[in-house]
Structures are given as C-alpha cells and as structure tokens.
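Trainee: If you scroll down you'll find the structure; I have some questions about it.
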C-alpha cells in the first residue's frame, strides 16, 4: 500500500505497472486474504499498524477483483480508469504545441507501437495499453531470467522514454503546473 501510494504521487507509469503486478500476485494467492496475510505480508518488515493496513488493503483489492470478475485475468476498474486518464493526457500533449519533446518521443516510439499492435490480438485498446503491456511483458521475462532480444530492448527503450515523459507531465498536471 505504501509503495503504491508513493508511486501514484511520484510516477504514475510505475504505479500502473506495480498495480498490474499486484493484481497478478493476488491471483497467484487465489485472492485469499488469509493466504496473503500468512505467506505474503508476513515477509515484509512492517510495524503492527502498517501490517494491519496492508492486510486490509490487499483484502479490499481481493474483494474488488472478485466483484469485478478479475480473479482469472484483466485489470481492476480503478487501473483501467488510471490508464484512461493517462490516455487523455497523452492525446492532449500530442495536440499541444507547448510539448514538442513529448511529440518527438511519441513519433520515435510510434513504429514500435505499430508493430506491437500488429502482433497483438488486442488492437481495440488504446496505444498506451499496448505500451504498458510491452513493458509488463519484458518485466516478467526479466523476473524469469529469460532473454530479451535487442529489438525488444530498443522498442522498450523508446516506449519507456515516452511513458517517462507522460508520467512527468502527469505529475506536473496534478500539481497544477502543466500548461497545455
């Protein structure tokens, strides 16, 4: 919970990836609050209050996943909403003449995004979702200590740069400092 709150305030892109990973973690534990408490939360160095708050937060997320039918796959509505808001900001930045570096990063990443969309069966989703899926997939490969091709590394590099600029714009927008 603490990490999620910190990331949400400092880097919305990392927050979303963290939340996707947490969704998968909750699924791995069968969305069972008791198993999460005993086998997951118990591994962290937390005060009693922090531990109780973490356990309650995870139990609440499990409840949301069950209620939203996301125990086998998919993303929680709150994460879909975050991605939707990020997509709105992305489009605003592209339309703004005040953010040429963002547009340049987008056009450098665009060939890779087009290729991702061509390879994906999910072309009906926003481009940013394809970008996050690519980053999440590479993160999973690295966790499994599997090789990542140079072409994939190049694509991820351009996509990461774009999402870093978007996250920075998001932070500024939330602080009321972004001019569009």
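Residue numbers (our numbering): 91 to 270.
For each residue, glycine too, the CB sits at the ideal point set by N, CA and C.
These figures come from a predicted structure and were not determined experimentally.
Quick check on this structure: which residue in 142, 154, 191 has the alpha carbon closest to the alpha carbon of residue 253?
Mentor: Cα-wise, what sits closest to residue 253 is 191.
Trainee: Could you check what DSSP says for residue 210 in three-state terms: helix, strand or coil?
Mentor: The answer is coil: DSSP assigns residue 210 none of H, G, I, E or B.
Trainee: One question on the structure: do residue 265 and residue 179 come within less than 8 Å of each other, judged by their Cβ atoms?
Mentor: No.
Trainee: Here's a check: name, in chain order, each residue in its chain whose Cβ is nearer than 7 Å to the Cβ of residue 198, leaving out the five neighbours to either side.
Mentor: Correct list, in chain order: 248.
Trainee: Nearest to residue 152 by alpha carbon, out of 108, 113, 217, 174?
Mentor: For residue 152, the nearest C-alpha among the options comes from 113.
Trainee: Report the rounded CA-to-CA distance for residue 106 versus residue 229, giving the unit in angstroms.
Mentor: Looking at the two C-alpha atoms, the distance is approximately 13 Å.
Trainee: Excluding the 5 residues flanking residue 216 on each side, which residues of the same chain have their C-beta closer than 6 Å to its C-beta?
Mentor: Result list for residue 216: 177, in chain order.
Trainee: State the CB to CB distance for the pair residue 251 and residue 100, rounded to an integer number of angstroms; the pair is presumed to be in contact (CB under 8 Å).
Mentor: Actually they are not in contact, since the Cβ atoms of residue 251 and residue 100 sit about 18 Å apart, beyond 8 Å.
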